[in-house]
Structures are given as C-alpha cells and as structure tokens.
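The block underneath contains the structure these notes are about, expressed in structure tokens.
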Amino acid sequence: MKQSHLFYKTRKEVPSDADSINASYLIRAGFVEKQMAGAYALLPLGLRVIKRIQNIVRQEMDSIGGQELLMNVLQPKEIYSETGRWEKMEEILYKIQTQNGKELALGPTHEEQVVTLAKGVISSYRDLPKAVYQIQTKFRKEARAKSGLLRGREFIMKDMYSFHDGEEDFEKFYELSKKVYLKIFGRFGLEVKIVEASGGVFSEFSHEFQLLTPQGEDEIYYCNKCDFAQNKEIAQFKAGDKCPNCDGEILVSNGIEVGNIFPLSTTFAEQIGCKYITNEGKEQYPVMGCYGLGITRCLGSVVEIMYDNAKNRMVWPKEVAPFDIHIISLNKNDIADSLYERLGPKFEVLYDDRELSAGQKFAEADLVGCPIRLIVSGKSLEAGGIEVIDMSKNSSTIVPIENIEKILNE
RNA sequence: CGGGGUGUAGCGCAGCCUGGUAGCGCGCAUCGUUCGGGACGAUGAGGCCCGCGGUUCAAAUCCGCGCACCCCGACCA
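Here the first sequence is numbered in my numbering, starting from -3 and rising by one per residue.
Okay, structure coming up:
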C-alpha cells in the first residue's frame, strides 16, 4: 500500500472526548474514528489489525475442532420465550420492531439461537461433541460506554459454543479452551491471567481472562506464587492475605477482561429442549460451554499495553501489526519504488512515497507502528544500502539492497 | 439511571460575565525557500456559533426547554 493512497490522516491533537489511552492513540494515528459513545468505525489501518486478530482467533478455534458459522444480529422475541432472558437481559437488550410490530432484539449473545440450531443437528451421542463459533458485531445497551474500545455498545466478539456427551468430555474441552485462549493472547503480545469469576446470567461460575493493568475496570485478587486468582465479585480476600492454595501472598490489580468462558451445564439445552439419545438408549441433554473473546477489546488492550504515550510511539506485535514493513523514502528516488515493487508481493508493506519532511515521516511512522522499518535515503545508500530498523529492539543496520529479503525472512 | 461539566471551521481552543462585522493554532490549497525527527515565509479557502422557542432595534453572548458528549458514581458478558 502506498501511503499516499491510504485512507487516513494522523493528528497532532486528540479530540477532547477521547476518554482513554487506546481511543486517543487509535484516533490520533488514524486507525479508528468515533461515531458516538461506545461505537467506533474501523478505518483501513484499524481494520487491518482487527482482521489479523480475527484470523489468529480462527486458526486457534479451528485447531481445537471449532467450526465457524454466522448467526443473526436480528433476534425475534420468541427465541427467548423458554429462557426468559428477554426480561432478564432487559437492561442490555436493544429492542426494535419490524414494520408489522414484531418485536426484535439486536443480538447481545447467542445461546438461544445456537441451541435452537443444535436441536436440528444433535440427535445421537454420535453427533457429539460439537463446537461452533462466530465472529460478529454484538450490541449491548451499556448504561455508560467508556474507555474507548474497551467498553462499547457495539463491539466485535468471538463467541463459541460447545456441546458434549457428559461432564467429563465437557471438562476436557473446557480445559483445552483455556490453553488455547492463553496461546491466542500470547500471539497478540498480551500476558493474561485466568481468573475465577461469577457466572452472571449464564451459570454458577466462570473463568475470565484478565490482562492485569492499571487501566482495567475490574479488580483482581491473585497469588504472587501460584495460579490462584479471583475476580472482586467473588473474592473474599484483601491485599496481603495468605493464598488458600500455597504459601504465597494475595496481591490486587486492575484488569481488562479480554475473554470469559462459562460452563453452561445442561441449563439452556433443557430450557430449549435440545436432547439426544445416549449409547445406552436414554434421552439426555448435552453439557454445554460458551467461550467469549472480545475482538475489538483486544485491539484496545494491545494499545493500552504497548503504546508509549510519552514518545508518541507504537510498536505493534508482529502478528497483529497493520503492516509488516514500513518503507520510508526520504528523497524521491527509484530505488525505494523498486524496493516496494519487490517486497510488495511477499510481505504486507506500507510505502511512504509522499514528499514530506523526514521529521514528519518519522513522526507518522511512529504512530502507525510497523515492527520493521526500511529507510531509503541518500545517507543510507552512501553507507551501502538500506537502513533496516527492528522497532521492537530499536536496532539499526545497513543492509545491501540485494540482501533485503534474506534479512527480512529471519 | 443520579451528581457535575462541556457543545463555536475537519481537529484543539478563545470570544459569552458587560449583546453591536466570528477569531487563534493545527490541518487544507497555491508559490518560494527548506529536506535524517511533526521546517519557514507569503497568500488563500473553509462557519446552521448543538437544536427549538423567548427577550431585544440587534443574540455565539441573556432567559426557558430539549439533545449530544465527557467526568464521578450506580450498573455491567
């Protein structure tokens, strides 16, 4: 992508209604634009990061047997009739009507629909286990949207639902999902903690994936030695208490909930009447789990952790960067053009082909935040080639033009 | 939902108290000089002053009612 064509504009000043580091940065750098409280448009740069996040999630969900499908944003009131959640989730549901007065909600989550779909698919223990997921925009009527992309009224979420023949099989899958979630967040460059939490309107308990950071809204109590961690909602501790599982000490931190998984038992299946015949010929309800992961929230979280506010500089983790490589030519020259032609097909490349001052190009490049920067200038050519900067290490080397691919592939 | 604050050019703001030609910075356009860390000069374009109603010869400015946004709470997969 030539930067002169890119649909974006960086800003020197942040809109005064930006309420968080992630919103300030993402707007300033031209990744998102705010439509209203809790609703952000993804501009090309932001969407590139989102797509990479989504693809990592897809890969990992597929790796444990998940199958992608896409359910509906429009949910007729009737699908809630057996679960009673039309009333229970009253405060969160955006309700609308068709031209005939039929009542609908904009989907905040999809247990009702997925179980209804499963009724048509699962009739024997031979049909189990099954796991389906979708990546979709969800709508929740937040009383107070805030923290930029971290708490929106409209946000992209991955939600997976699994169906099992018995608790034992469910538990195996549930534990597997924890591992794969940690792997996913690791690929985003995020170190998260698994935290015990309440189940809300879903189940008795749940597990949250919390990114410990002062910017988070949640309060987490965790052990400094072992894996013990609980959400404030259920924690009976205070800072300095002894860990119940080892001789460690309980610490407190804020956290951003980037994922949340719930054991649903057979509750929804029973309510909606989804059953199958076991290998002993008996009717049984499948044991279910649901597995949420906030896609747009992850975008915001990566920024909260990685953005250097003092230097106005971002370095995206390699796997989610909007572009792999940023070519910056400081003087209009054919060498940079041909380098772009060469690398373009092999990498995701952003090429700053504009005629601007070096300072302005560098300042904007710091905002875009590509992990690798290639500088083509009179100075670099005199020194023998292209300057290659690994932004995460801040290391710079001059590489002869013909060796560029070799270096980049390392 | 309760308390507080703010709405003026694409963005950041001043002007409002004390009514009288709508301003500054960034960004944008043209020209020239610059050219390895958001350069400089000159010229120029760009406005439903949040909306509706009221007071007044005259309203961005005063009064009333809405709406939106932000902050602090309450709530929250």
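Every residue gets a Cβ at the ideal spot worked out from N, C-alpha and C, and that includes glycine.
Quick caveat: nothing in here was measured; it's all calculated off a predicted structure.
Among the bridge pairs identified by DSSP, Asn227 is matched with Ile216. Unbroken alpha helix (DSSP H) runs of no fewer than 4 residues, entirely contained in the region 262 to 324, are found at 263 to 268 and 291 to 302, following chain order.
Contact between Gly381 and Val395 holds, since their C-beta atoms are separated by about 5 Å, short of 8 Å. The beta carbon of Ile118 is closer than 7 Å to those of Leu124, Lys126, Phe159, Cys270, Tyr272 and Pro282 in its chain, skipping five residues each way along the sequence.
Note on geometry: alpha-carbon atoms of Glu192 and Leu146 lie some 20 Å from one another. In the DSSP assignment, Arg81 falls within the unbroken alpha helix (DSSP H) covering Arg81 to Lys84.
Between the alpha carbons of Ser12 and Lys137 lies a gap of roughly 24 Å.
Inter-segment contact for the region 83 to 99 and the region 230 to 249 is absent: fewer than three beta-carbon pairs are separated by less than 8 Å. One alpha carbon belongs to Lys189, the other to Ser297, and they sit about 14 Å apart. Counting along the chain, no beta strand (DSSP E) covers Tyr76, and no H or E run does either. Considering only Val111, Lys228, Glu86 and Cys222, the residue with the shortest C-alpha distance to Pro240 is Cys222. If only complete runs of 4 or more residues are kept, the region 84 to 115 shows the alpha helix (DSSP H) at 107 to 115, in order along the chain. The residues Leu208, Thr209, Pro210, Gln211, Gly212, Glu213, Asp214, Glu215 and Ile216, in chain order, have a CB closer than 8 Å to that of Asn250 in the same chain once the five nearest residues on each side in sequence are set aside. According to the DSSP assignment, Phe166 belongs to the alpha helix (DSSP H) that extends over Glu163 to Arg183. If you ignore the 5 residues before and after Thr274, its C-beta comes within less than 8 Å of the C-beta of Tyr121, Asp161 and Gln280, all in its own chain and listed in chain order. Runs of the alpha helix (DSSP H) lying entirely within the region 45 to 75 and spanning at least 4 residues: none are present.
Closest in C-alpha terms to Glu87, from the list Ala139, Asn18 and Ala37, comes Ala139.
For Ile246, the beta-bridge partners assigned by DSSP are Cys219.
Secondary structure note for Phe135: its beta strand (DSSP E) is the uninterrupted segment Lys126 to Phe135. DSSP places Gln356 in no beta strand (DSSP E) but in the uninterrupted alpha helix (DSSP H) bounded by Ala354 to Val364. Looking at the DSSP output, Gly144 sits in no beta bridge, so it has no partner there.
Under the DSSP assignment, Arg24 falls outside any beta strand (DSSP E), being part of the alpha helix (DSSP H) whose first and last residues are Ile17 to Arg24.
With a contact defined as Cβ atoms closer than 8 Å, Leu295 and Phe343 miss out at about 22 Å. In summary, Ile92 is exposed, with fewer than 16 beta-carbon neighbours lying within 10 Å of its beta-carbon over all protein chains present. Nearest in C-alpha terms to Phe166, of all of Cys286, Ser59 and Lys115, is Cys286.
Approximately 5 Å separates the beta-carbon atoms of Tyr21 and Tyr303; this is inside 8 Å, confirming the contact. DSSP, read as helix, strand or coil, puts Leu377 in helix.
Residue range Ile400 to Leu404 is occupied by the alpha helix (DSSP H) that includes Lys402. Secondary-structure assignment with DSSP links Pro259 through a beta bridge to Gly285.
Around the Cβ of Gly365, a 10 Å sphere holds 16 or more other Cβ atoms; the residue is buried. With contact defined as three or more Cβ pairs closer than 8 Å, the region 98 to 114 and the region 68 to 87 are in contact. The residue among Ile324, Lys307 and Arg48 with its C-alpha nearest the C-alpha of Gly185 is Arg48.
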